[in-house]
Each structure stands twice: as C-alpha cells, then as structure tokens.
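Novice: The sequence shown begins at 1 in UniProt numbering and counts up by one.
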Amino acid sequence: MAKRRKVANPLALAVLAELSAEPMHPYEMGRRLQEHGKDRDIKYTRSSLYMVVEQLRKAGFVAEQETVRDTQRPERTVYALTEEGRAELYDWMRELVAEPQHEYPRFGVALSLLAVLEPAEAAALLERRLAALDATAEEIRATVRGAKESGVAWIFLIEEEYRLGQLEAEQRFVTGLVESLRQPEYSRTWQEFFRSRE
C-alpha cells in the first residue's frame, strides 16, 4: 500500500532527484527537467515548480543554501537536498518502482462508458485514435533512435521505451476493439439493449 507522503506531487519527486545531483535554484531545476525531457512525464508550470519547492522546504526535505545576486537577473535562492529529503527520495522511488498502483487514465473512463456511442461511431473514433497513436509511436521511435545515435545511454531513455511499450499495447487493444465493434452481433446486442431502455 502506498505511503502517505508529506508532499505527494510527482513534481516534488523530480525536484528531489534533480537536487540529489547538486544544489540549484528553481529556474535551473525547470530548465534541466525540460532539457532531460521530464516535462513529457511530469506536468508543471513555473509557478507550480516554485510552489512545490516551498512545500518541500516546509517539509524539511530541502533547505535554502544561499541567495545569489546577479546584476542582470533577479535575486535567486539556491536550494539543497537535506538528509531527510534524500531518505524521502529513495523511499519514494523504491515504492514507485516495486509496487504497482492503480491509476485512473482518461481513456479508461471513456472505455467504461463506450456503449453510449453507436458501434459505427465508436469504431470510427477509435480509428482516429489509432492514427494518432501511430504518429506518436513513430515520433518516439525517431527520438530514441536519434538519442542512441548521439550516444545517449539506454538508461536515460527508459521512460520513452516504456511510453512506446504502452502505446504499442494500446494499439493492439484498440485494433481488436474496432474489429469487435464492427461485428454484426455486437450491433444487434447494442440496438436491443438501447431499444429496451426507451
């Protein structure tokens, strides 16, 4: 069972991970998250990043190390990871890697309510989804190929490989679902069900 965390936002985990490398200010954290492609997996804005850093500070996971004054930029506070923050980072990572958690993807919601759409419309919409999935999968393959050719180690590409695996599994599932929706038997069952409710 997942632990109740003082700061449970996934962005907080990314901040702890970035600070495990070296102390830095929030602007630099955001730049590195983008540079490393983490913004594809963790949704955030500049203000939410600053808010999470403040939550981590209040929880005792990060501490202000120094304030940097630069004539061309506003004053910036550099944060460092505390021992409690390092322990939280590793504990949280171990939990996420080892223990599957139920998530609530939006597509799952749509599938649970798919019967409200006529079979032909549902199949056509799912084919549009398949086209989008194909394009996204090809984009990921190109990104991974390019990164490998540039010498990026495989460990730094695992989230992209995971996304690709998920997309490929979804493509297989949706393809089978479209075929099932096009079966005359399903259309008859769907029509009988909705007629009985009129």
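From the three backbone atoms N, C-alpha and C, an ideal C-beta is built for every residue, glycine too.
1. Taking the beta carbon of W154 as the centre, do at least 16 other beta carbons fall within 10 Å, making it buried, or is it exposed?
2. Compute the Euclidean distance between the alpha carbons of L167 and F107, then round it to the nearest angstrom.
3. DSSP state of R94, grouped into three classes?
4. In terms of residue numbering, what span does the beta strand (DSSP E) encompassing R69 cover?
5. Taking a contact to mean a Cβ-Cβ separation below 8 Å, would you say H36 touches Y79 in this structure?
6. So what does DSSP say about A115, is it helix, strand or coil?
7. Measuring straight from C-alpha to C-alpha, what distance separates L181 and A21?
8. List the endpoints of the continuous alpha helix (DSSP H) containing S196.
9. Starting from V53, trace the alpha helix (DSSP H) in both directions and tell me its first and last residue.
10. For a test of the three-state rule: what should DSSP assign to V7, helix, strand or coil?
Specialist: In brief:
1. exposed
2. 12 Å
3. helix
4. 62–70
5. no
6. helix
7. 51 Å
8. 184–196
9. 46–59
10. coil
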